[in-house]
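This report refers to the structure that appears directly beneath it.
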Amino acid sequence: MVLEATMICVDNSEWMRNGDYSPNRFQAQADAVNLICGAKTQSNPENTVGVLTMAGKGVRVLVTPTSDLGKILACMHGLEIGGEMNLAAGIQVAQLALKHRQNKKQQQRIIVFVGSPVKYDKKALELIGRKLKKNSVALDIVSFGEEDEEKNEKLEALLAAVNNNDSSHIVHVPCGPSALSDVLISTPIFTGDGEGGSGFAAAAAASGYEFVDPNMDPELALALRVSMEEERARQEAAAKKAAEEVANQEKGEQQSTSQDTTMTDSVNLETSRPEKKIQDLTDDENALLQQALAMSMDDPSTKAAVQDIDMSDASADHDLQLALQLSVQEESAADQSNQTDVNKLLADQSFMSSILASLPGVDPNDPHVKDLLASMQNQSEQTKEEDKAPKEMEKK
């Protein structure tokens, strides 16, 4: 395999927004770039690939030549589309990047994607081509998008100026249903060794694994083949097991239906017995409910029954009433005795005058105090007379 250092020039101009390539020109170009990077790194472990953009504010190197495929693929995400493509500046910057490569034994190659019109004239492009040929730099051109005769003539002139022993190639990809990467697989640009892309593509097709060449890495190809065979065997075993489970379920359903019929007959016999008991209980409950409703509706029959019960209990209640009357009479007699004692004390004028004299600031000789004592004595005499009157009536 050829030992190469490759720089890929990406066209990210405004023309890449067009949708004549699915899903659009830029995404189709990005897929082709990822495919070429994978092919270059797989063909030889020491190959390096770099990526730069030719539109926007200026030419920008995204990744310098490296063998890290993950780093190369990551740089394609989040690219901004805008401006016009500067083909001459992009090729010159790519040549400088290849000039400063680490391994000087690597051959130099530039792959340019041109999807927009070329503003430079033939002479300028031919001058750039002769400079590349002088420095032993091969050039591959992928022309897609705008189909212009003037554009094709300029690119053909550039290729003719740089071509040396058919080391440079150009591919015109018309718009259509086929993807840009699918067209490039069958071209010399895919491998860059003049075999028309048959080496890597044929190995990948024969082995059935993408980006794996059995000639370069037979152990990896064998491991992948074994793992695929194991996975296929596992899937077949799982399918057989699933079929057996379905058959067993069908048999189990048939048996369960026969058992269900016998169980339903026995259950019906068993349930008929407790239903009779439940009916008897419900009849008793209904009778009690009817009695309660009759009482609530003031049924005369229920009233008579209640009155009979009250009369039967009247004799027992009479003794209770007598006991209550006696206790009330005793309490009233005690109250009356207490009131008479209080009245006697109030009627004793000497006792009251001594109490008043002991109080600070009270003069017992004050006419108002004397009038108050006299009125209290009169009230006590009246209460005595009232008490004597009912006693005399009782004696009579």
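Here the sequence shown is numbered in my numbering, starting from 1264 and rising by one per residue.
Using N, Cα and C, we set each Cβ at its ideal position, and we do this for glycine too.
Item, Value
"On the CB-based measure, 16 or more other CB atoms within 10 Å of its CB, does Ser1638 come out buried or exposed?", "exposed"
"Nearest CA to the CA of Ile1452: which residue from Glu1494, Ala1401, Ala1423 and Ser1616?", "Ala1401"
"Whole angstroms are fine: how far does the CA of Lys1514 sit from the CA of Pro1440?", "52 Å"
"Is DSSP giving Asp1212 helix, strand or coil here?", "It is not possible to answer for residue 1212, since the shown part of the chain is limited to 1264 through 1659."
"Counting only the same chain and skipping the five closest in sequence on each side, list residues whose C-beta sits under 6 Å from that of Ser1431.", "Ala1401, Leu1402, Leu1422 and Val1425"
"Pick out the complete beta strand (DSSP E) segments inside the stretch 1277-1346, 3 residues or longer, and give them in chain order.", "1311-1316 and 1323-1329"
"Buried or exposed, going by whether 16 or more other CB atoms sit within 10 Å of the CB of Gly1408?", "buried"
"Can you find at least 3 beta carbon pairs, one from the stretch 1299-1312 and one from the stretch 1327-1344, that sit closer than 8 Å?", "yes"
"Just tell me which of Gln1358, Gly1313 and Lys1320 has its CA closest to the CA of Ala1337.", "Gly1313"
"Of the residues Met1279, Ala1293, Ser1406 and Ile1271, which one's Cα is nearest the Cα of Gln1358?", "Ile1271"
"Distance, Cα to Cα, Glu1419 vs Gly1392?", "11 Å"
"Examine the Cβ distances between the stretch 1280-1294 and the stretch 1321-1329 and report whether three or more of them are shorter than 8 Å.", "no"
"Give me the DSSP bridge partner(s) of Thr1450.", "Thr1450 pairs with nothing; no bridge assigned."
"Would Met1317 and Asp1384 be called neighbours here (beta carbons separated by less than 8 Å)?", "no"
"Let me confirm a value: Gln1498 is counted as buried when at least 16 other C-beta atoms fall within 10 Å, else exposed. Which label applies?", "exposed"
"Across which residues does DSSP place Glu1403 in a beta bridge pair?", "Note on identity: in this sequence residue 1403 is Asp, with Glu being the wrong assignment. Paired residue(s): Ile1374 and His1432."
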